[in-house]
Structures are given as structure tokens and as C-alpha cells.
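Numbering (the working numbering), first residue to last: 89 to 318.
Glycine residues also receive a C-beta, built at the ideal position from the N, C-alpha and C atoms.
Everything numeric in this text was worked out from a predicted model, so none of it was measured.
Structure, as C-alpha cells:
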Amino acid sequence: IIGVTEFDGERFGQWIPVLTEDTHLSYPFVFQQGNEVYMIPENRYGLKLAVYRAVEFPYTWERCKVIREDIEWVDTTLIPEGDGYLGFTESMRQPMTDYCLRLDREFTITRCDRLPQGGDDRHRCGGPMFRYGGKLVRVTQDCVEDYGQALFFRICDPDTLEELQTLRVKPQQLTFDRKIFLQGMHTYSAVGDFEVIDIKTRRFVPRNFYYRMKGKLHWTLTKYQFKSGR
């Protein structure tokens, strides 16, 4: 389920479900093209990458295109470039692989370059890319030892995508008004005067554990049925 909550400047309101599928959804990458608003959620367990269009933003969405099927791509992130988009996504099939995508305005992939990962550079996208000081900044999650153990701000040449500088932000560098055991951080996003960091804390909740195990079992069965043609 993808949900929406309204922030009034001091606190968040009640969460409202706006998109529901039979498989896990996360990482709702939202962007605008002209007068339309689109979203690409992560749907690894559904074995597809799809684009949704806002019928009534932000409460009603419809799937408008399936970009690719039979894939386990996660955290797909785009940024406008020329007459289309530059994008990055990660395949969770072993070995974990990074892909650089080029898409047109109809969200058709025109080029897909495989960028192998390994050693000290296993990562996933960690939020929207942005341009700053003439450079392209790509945010990624450090996944070498654990999923989202830190965030990287990769400052790249906008033409060659060569990394010029990399800044690493660890959870220990964050401060809060109450004690929180931080296990990791997944995404960074900013709009206007607001910056948002998605943090991961460690605590055992039996109900959450049950739903996680149920979800993993459902994904395993779905994947088996898909591959066997059932």
C-alpha cells in the first residue's frame, strides 16, 4: 500500500491509502511531466516496473504503462534530460546489478546499460536526483554490510556521469530530541524549505514480524507461479 498524509507545518495527519496492489509496494518515486503527475513505485515482488498517473492528485492513481516485466528492479529514480529521462535502478537478482536507463517521454526504455556492483560499492537509489552547482547529485543507499546503513551523495559530471566527489552520511551524524536507536537510513528528499530523511530503527514487534514473513511467503509463491506459467 502507498499512502498519503498531510503535513500542516507542525504535525502529520492520518495516513490515507491511495494505491493498493496484491504485492509489496514501496519507494513511491513521484514526478511531474507538464500538467501530469506520475509515480513509479517499487514492485519487485510483482516482477514488473510500472508507471502510474495521478487522476486526482494525490488520492487517485491509475496504471498507465508497464515499462518492463519479469524483472526485480527496485528504487527506480528518474530525472529529466533532453527530450526524455535519465534513470537508475537496481536488479535484486544475484549478483546485485546497477542499471543506467535512458527513457523517452512515453517512458519507453531506449537504452539500458549494465553497471556491475561488488566489493565496497553495493548500493541502491536513495531518493530523487537533483542538480546543484552545474553538477548532478545522485543519492544512494550504502548496502555493503546492511541494507541502507548510510547514504551517499554522489556528485557527478552531468555529461559523462563520472563521479567527482562522494559524501557519506551515517545515521550517527543525525540528532533527535529523544533517544532513537538508528539502524540505517534509506532515502533523502527535499522540497522548498523541507528536507526529509527516511530512517530505520531497530525494535521487535510480533505483528510486524508476522506480516513480513507472510509477505515473503506470498512473494515466493507468486514468483514460482509466474515462472511456471500458472
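Per DSSP, D110 has no beta bridge partner at all. Non-local beta-carbon contacts of G215 in its own chain, meaning distances under 7 Å to residues more than five positions away in sequence, involve V227, T275, Y276 and S277 in chain order. Judged by beta-carbon spacing, F119 lies within the 8 Å limit of L166, meaning their Cβ atoms are closer than that value. One Cα belongs to T185, the other to R210, and the distance between them is close to 8 Å. In this structure, the straight-line span from the alpha carbon of E157 to that of P116 is close to 18 Å. Beyond the five residues adjoining it in sequence on each side, L262 comes within less than 8 Å, by CB distance, of L270, M273, I285 and I287 in the same chain, given in chain order.
Residue nearest to E144 within the set R132, V154, G134 and Y126 is Y126 (criterion: CA-CA distance). Its Cα nearest to that of C244, the residue G222 stands out among I155, G222, D234 and V154. If you draw a straight line from the Cα of I268 to the Cα of P294, it comes to about 20 Å. With a 10 Å radius around the Cβ and a threshold of 16 neighbouring Cβ atoms, N131 comes out buried. Straight-line measurement puts the Cα of P105 at about 40 Å from the Cα of T248. Rounded to the nearest whole angstrom, the C-alpha separation of Q253 and L224 is 11 Å.
Under the three-state reduction of DSSP output, M217 falls in the coil class, being neither helix nor strand.
By the beta-carbon neighbour count (other beta carbons within 10 angstroms, threshold 16), P183 is exposed.
In the same chain as K136, and ignoring 5 residues on each side of it, the C-beta atoms closer than 6 Å to its own belong to V154 and E157, in chain order.
The three-state secondary structure of P146, taken from DSSP, is coil. Burial state of C200 is exposed, judged by a 10 Å Cβ sphere holding fewer than 16 other Cβ atoms.
Remark: C-beta atoms of R190 and T177 do not approach each other more closely than 8 Å. With 16 or more other Cβ atoms from the protein chains shown falling within 10 Å of its own Cβ, D230 counts as buried.
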